[in-house]
Structure formats: structure tokens, C-alpha cells
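>
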Amino acid sequence: MEVSNGATKTVALEFNGLATAYSDGSLYRTPLPTVEPYEEPLDGVACRDVLINKMTGVKVRIYLACSGREPLAKSPLLFYFHPGGFCLGSTSYVEIHNFLQSLCKTARAMVVSVDYRRSPEHRLPAAYDDCLDAISWVAKEEDQWISNYADLTKCFLCGDSSGGNIIHQIIIQMASPAAELRPKLVIRGYVLIQPFFGGETKTEYELSCVEQGEPYVMLSSCYDMFWELSLPEGADRDSPFCNPWVGSMGHLPPGAAAAMLVAVAGLDLLRERGLSYAELARTQMNIKDVEVMVEEGQYHGYHLLQLGSPQSNLLIDRIALFMDAHSAKSEQDSCS
1 MEVSNGATKT VALEFNGLAT AYSDGSLYRT PLPTVEPYEE PLDGVACRDV LINKMTGVKV
61 RIYLACSGRE PLAKSPLLFY FHPGGFCLGS TSYVEIHNFL QSLCKTARAM VVSVDYRRSP
121 EHRLPAAYDD CLDAISWVAK EEDQWISNYA DLTKCFLCGD SSGGNIIHQI IIQMASPAAE
181 LRPKLVIRGY VLIQPFFGGE TKTEYELSCV EQGEPYVMLS SCYDMFWELS LPEGADRDSP
241 FCNPWVGSMG HLPPGAAAAM LVAVAGLDLL RERGLSYAEL ARTQMNIKDV EVMVEEGQYH
301 GYHLLQLGSP QSNLLIDRIA LFMDAHSAKS EQDSCS
């Protein structure tokens, strides 16, 4: 029990040493190791932070692939939206930074990672707005690294957990405004890594996982808490922000996205929702080409927590191959 501003608050949930949620709706985040940006190439990658919106304080970290000390010219550009249930995470966190450094080097692409505003201080749709803002900012080519070294006709969006959820909302919201970003910015494909979706009713798979005990009991409670802290006041988990299976996708134009890769972990509590989302993309979202990758025997976030493992390397390689394949297609094939 703690006292804040004269009011008593109790611990509602502790999440694996990473955060503590309180009964008053506040959240304490445990300080985690971070990595400062470095503009001198290190192991084939340079990076720097850029403030893109003075009003919101949102910044991006740009990763630049280099050959020796020289940047690669006109590389594909990958937007990255970090994980953390909308409440945690930052592009400067060691695990996230190291993953993006490796992905940048392997894919030989520029990576723009968005430090969007987090809940509960900034509930949804703040994160969606910030990521759309970042896409618009890149399209203006006001940053020298972007104007000199990025090929904006070969853009991809990659979302990790809650970042995967953000990608879904971006597809919906950009269905009409996307034309304003062309021809300077062309999105060739989407990568959703263990996307974070939910619903008021638990699936049979989720219930069976919880019956097995830990770590699923804690994960289920944490996911519910993340939704409680991040959804708009008064919304439940059948909000379209959480549950993409509610409502209609009929307004999406053909070719709203050219291709999609959905990567799930075999032991993840979110596995079945991820697989169902891939089917939703095929049948209702006019996605031409949907690929699914299942890494059996792995839990949620394995690629960050076990960076350098064969499984993590396999995911990075798969993303790089996906980008290569769809970068090679003509713009008409990718966007029509």
C-alpha cells in the first residue's frame, strides 16, 4: 500500500519485475538498461534520435546501414513500432535496440523506430496517431539521412506485439489518406510479429493455456491489465482497437496493402489470434499476399530475449527475405 497526494493506492498487478500497476490506474515502470545513439558506424550500423513533434515530444531513432564507414545509398526503409502492451517499451531499450541493429544490418535497410506515447498517461489512439505522424514526417524528407539514403518507394511497416496492433490500425486509417503519401512514399508490405489483439471473450486456446498454469496465468492477467490501462475510458476489449474481428473491413480498397508477413510463436498465448488475423487479412482486408511464420517451442518475445539464437536469427532472416522479395517487385505490382 502506498500514499500518493494524500490518497491511498494499492498494487493491482506486478508484471515480472518490469512494471507495477496500481488501483488508481497509474503505472510504475522499472528503469531498464538503454543504449545511447551513435552516429559513427558500429558493426555496420549508425543511429541517431530525432524529435519529430515538439507538441507531443515524440521522437524516432533512425538506424542507417553502412558498408565500412559509408552509408548504403537509397536503401529500403522499415518503420518499426515497438512492443510493450502500449504501456511499456522504448526504442532505446537494450533488447529492442540490439534487435533493430541486427535487423538493419541483415536487411541492409534504414530503420525508423517510433517512440510513441504510452498508456495510461496517453491512452489510445495516441500511439496510432504518433505512428501515423511518423510516416507523414518521413514522407516529407526533411531529415538528411532520409533524403540522402532512403528509397521511399520501398517502404515496409514492422510492428512487434502492440506494434503489430498499430499496423492494423494504420492499414485501416491509411486506406484513403495513403494516396497523399505517394509517389514519394510507397508501402510494399507489413510485418506483424506476435501481434497483440484480444476480445471480451477468451478463445478456447487462451483458456486451455491458462489451465496449464504459469507463465500463462500471469501473462493473461498482464494482457488484460494492459488493455484496461490503454483503451479509451469506457471501452471494453471488444473495441476495434483491441478486437479487429468486430466491424466490417469492406471499405478497404483492393491493394490497400501489397503483402503481409505474420510471425507467431508456438507457445505464445497470442498465437491463435495471430493466426486468425492472418486469415482475416486474406479474406477481408484485400491483402494480396499473406505469409505466416510459426516458430514452434517459443514464447512471446523470444526474438528479443534470445537475440543471437538460431530462432531469433531465423526471424530476422525471414523479414529480410520478405523485404528483398517485395522490394524487387515493380511499384505497380506492389500497390495496385
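Counted the way full-length UniProt numbering counts, the sequence shown spans residues 1 to 336. Quick reminder that beta carbons are idealized off the backbone N, C-alpha and C, glycines included.
From what residue to what residue does the alpha helix (DSSP H) around Asn148 run?
Against the sequence shown, residue 148 aligns to sequence position 148. Looking at the DSSP string, the run of the alpha helix (DSSP H) that includes Asn148 is 144–149.
> If we count the other Cβ atoms within 10 Å of its Cβ and call it buried at 16 or more, is Ala328 buried or exposed?
Position 328 of the sequence shown, counted from the first residue, corresponds to residue 328. When all chains shown are included, Ala328 counts as exposed.
> Could you name the residues that DSSP lists as bridge partners for Cys158?
Locating residue 158 in the sequence shown gives position 158, where the first residue counts as 1. Beta-bridge pairing links Cys158 to Tyr80, Val191.
> Let me confirm a value: Glu39 is counted as buried when at least 16 other C-beta atoms fall within 10 Å, else exposed. Which label applies?
In the sequence shown, the residue the question calls residue 39 occupies position 39. When all chains shown are included, Glu39 counts as exposed.
> If contact is defined by three or more beta carbon pairs under 8 angstroms, each pair taking one atom from either stretch, is the segment 184–203 in contact with the segment 153–171?
Flag = yes, the segment 153–171 and the segment 184–203 touch.
> From His168, Asp224, Val111, Leu307, pick the residue whose C-alpha is nearest to that of Gly85; which is it?
What you label residue 85 is simply residue 85 of the sequence shown in a count that begins at 1. Of His168, Asp224, Val111, Leu307, the residue nearest in Cα terms is Asp224.
> Counting only the same chain and skipping the five closest in sequence on each side, list residues whose C-beta sits under 7 angstroms from that of Ser147.
Taking the sequence shown and counting its residues from 1, the one referred to as residue 147 is at position 147. Once the five neighbours on either side are set aside, the close Cβ partners of Ser147 are Glu141.
> Is it right to say Lys54 is buried, meaning 16 or more other beta carbons lie within 10 angstroms of its own, or is it exposed?
Counting from one through the sequence shown, the residue named residue 54 turns up at place 54. Lys54 should be labelled exposed.
> What residue ranges within the segment 221–272 form continuous beta strand (DSSP E) runs of no fewer than 3 residues, ordered along the chain?
Here the runs fully enclosed are 259–265.
> Could you tell me which uninterrupted beta strand (DSSP E) segments, each at least 3 residues in length, are contained entirely in the segment 93–128, listed from first to last along the chain?
Counting whole runs of 3 or more residues, the segment 93–128 contains the beta strand (DSSP E) stretches 110–115.
> When the Cα atoms are used, what is the spatial distance from Pro83 to Thr8?
In the sequence shown, the residue the question calls residue 83 occupies position 83. In the sequence shown, the residue the question calls residue 8 occupies position 8. Cα to Cα, Pro83 sits roughly 31 angstroms from Thr8.
> Would a C-beta distance cut-off of 7 angstroms place Tyr149 and Cys104 closer than the cut-off?
Numbered from 1 along the sequence shown, position 149 holds the residue referred to as residue 149. Numbered from 1 along the sequence shown, position 104 holds the residue referred to as residue 104. No.
> Round the Cβ separation of Leu78 and Val50 to the nearest angstrom and send it over; I've been treating them as touching at under 8 angstroms.
To locate residue 78, count along the sequence shown from 1; it is residue 78. To locate residue 50, count along the sequence shown from 1; it is residue 50. Their Cβ separation, rounded to whole angstroms, is 16 angstroms, which puts Leu78 and Val50 out of contact at 8 angstroms.
> What is the residue span of the alpha helix (DSSP H) that Ser312 lies within?
Here residue 312 is taken as the residue at index 312 of the sequence shown, counted from 1. Taken as a continuous stretch (DSSP letters only), the alpha helix (DSSP H) holding Ser312 covers 310–327.
> Leaving out five residues on either side along the sequence, give the residues of the same chain with a beta carbon under 7 angstroms from the beta carbon of Thr30.
Numbered from its first residue, the sequence shown carries residue 30 at position 30. The residues are Gly17, Leu18, Ala19.
> Please name the residue or residues paired with Cys47 in a DSSP beta bridge.
Looking up residue 47 in the sequence shown gives position 47. According to DSSP, which records beta bridges pairwise, Cys47 is partnered with Tyr38, Tyr63.
> Which residues does DSSP list as the beta-bridge partners of Tyr216?
By 1-based counting over the sequence shown, the position of residue 216 is 216. Looking at the DSSP assignment, Tyr216 forms no beta bridge with any residue, so it has no partner.
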